[in-house]
Amino acid sequence: MKFDVLTIFPEMFSAFFREGILGRAVNSGIIDFGITNIRDFAMGKHKAVDDRPYGGGDGMVMKPGPIYRALKSVDRADDRSLVILLSPQGVRFDQATAWELSGWEQLILVCGRYEGIDERIRLAYIDREISIGDYILSGGEVAAMTLVDAVGRLIPGVLGGKRSNLEDSFEEGLLEYPQFTRPRVFQGKVVPSVLLSGDHGKIRLWRRRESLRRTLERRPDLLKKDLLSNEDEAILANLQGGP
Ligand code: 4HQ
């Protein structure tokens with residue numbers, strides 16, 4: 010999988026692609042990336058990438074020319090590559106979208122700044138417009154990093170077998186159960202004794218119950234009945250009946 014990022018802030022991505030799980034995947038060759046500075050494709054003495062909006066109003070708009078030329082400069086994996094614009098007007102990003110995007114050979118991510126990009130670029134060259142959530146960022150860069158992080162970890166080999174059951178419960182539409190590590194007593198608070206019991210059947214059941222409890226309390230919208238087993242239904246009924 011290759012990620013190509015088009016941005017006017019290329020340095021925001023150098024550490025991002027160098028560090029952590031993603032950095033290791035890049036070093037091992039599982040993931041490749043390219044960073045294209047849109048400003049390198051700007052013209053004139055001032056290398057302007059933005060201009061005033063037709064019709065007037067506040068803020069600036071990213072000029073079409075530099076983005077067009079930056080896009081043209083990127084090596085394309087033809088029909089196995091997708092051009093994505095990060096913007097609050099896009100379809101909301103979620104784990105299912107991350108899985109789908111992980112199947113492409115190349116993702117080309119266009120990061121806008123200012124009030125966004127010229128509509129003619131969006132119409133002619135953008136395959137997919139994606140939003141990471143209902144809030145306003147200063148630019149698409151942090152949104153692009155969020156997408157790369159979530160998609161990258163789904164590429165086979167990136168987690169190197171460290172694929173914990175942590176996201177498994179999220180893939181099932183449930184929140185994660187609470188985690189504890191040493192010491193057993195911290196500031197007078199003890200680790201639930203079941204986790205020290207060595208009884209793996211009881212531990213599994215306790216964790217499932219805590220996942221269901223949290224989901225019920227914090228994200229009832231995630232409780233998709235069809236994904237719940239008979240055991241889950243019984244635990245839920247018990248949770249709703251008592252403590
Ligand atoms: N922006 N999800 C405005 C976002 C955003 C989001 C990126 C701010 C694009 C022009 N992008 N620029 N939310 O707020 O993706």
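Going letter by letter, the sequence shown gives residues 10 to 252 in our numbering. A virtual CB, placed ideally from N, CA and C, is assigned to each residue, including glycine. Keep in mind it's a predicted model, so treat the numbers as computed, not measured.
- Query: Going along the chain, which residues of its own chain have a beta-carbon closer than 8 angstroms to the beta-carbon of Arg-89, five neighbours each way excluded?
  - Reply: In the sequence shown, counting from the first residue as 1, residue 89 sits at position 80. For Arg-89, where only same-chain residues beyond five positions count, the Cβ hits under 8 angstroms are Trp-113, Glu-114 and Gln-115.
- Query: Do you know offhand how far Val-70's Cα is from Gly-250's?
  - Reply: Mapped onto the sequence shown, residue 70 falls at position 61. Mapped onto the sequence shown, residue 250 falls at position 241. Going by the C-alpha atoms only, they are around 56 angstroms apart.
- For Arg-137, name the three-state secondary structure that DSSP assigns. Walking along the sequence shown from the start, residue 137 turns up at place 128. Arg-137 falls in the strand class under three-state DSSP.
- Query: Nearest to Asp-13 by CA position, among Phe-42, Ser-37, Phe-22 and Leu-31, is which residue?
  - Reply: As a position in the sequence shown, residue 13 is number 4, starting the count at 1. Nearest option by C-alpha distance: Phe-42.
- Contact between the region 48-64 and the region 95-114 (3+ Cβ pairs under 8 angstroms): no
- Use the C-beta contact count for Leu-3: other C-beta atoms within 10 angstroms, 16 or more gives buried, fewer gives exposed. The structure shown does not extend to residue 3, since the chain is modelled only from 10 through 252, so no value can be given for it.
- Item | Glu-226 to Gly-65 span [Cα, whole Å] | Translated into positions along the sequence shown, residue 226 becomes position 217. Translated into positions along the sequence shown, residue 65 becomes position 56. The C-alpha of Gly-65 is placed about 47 angstroms away from the C-alpha of Glu-226.
- Message: Could you check whether the region 183-197 touches the region 53-68, counting it as contact only if at least three pairs of C-beta atoms, one from each stretch, sit closer than 8 angstroms?
- Response: no
- Message: Let me check understanding here. Comparing Cα to Cα, which of Val-194, Lys-72, Gly-142 and Asp-67 lies closest to Val-100?
- Response: Against the sequence shown, residue 100 aligns to sequence position 91. The shortest C-alpha separation from Val-100 is found at Gly-142.
- Message: Quick check: what's the CA-CA separation for Ile-17 versus Cys-120?
- Response: Position 8 of the sequence shown, counted from the start, is the residue given in the question as residue 17. Position 111 of the sequence shown, counted from the start, is the residue given in the question as residue 120. Roughly 8 angstroms between the two C-alpha positions.
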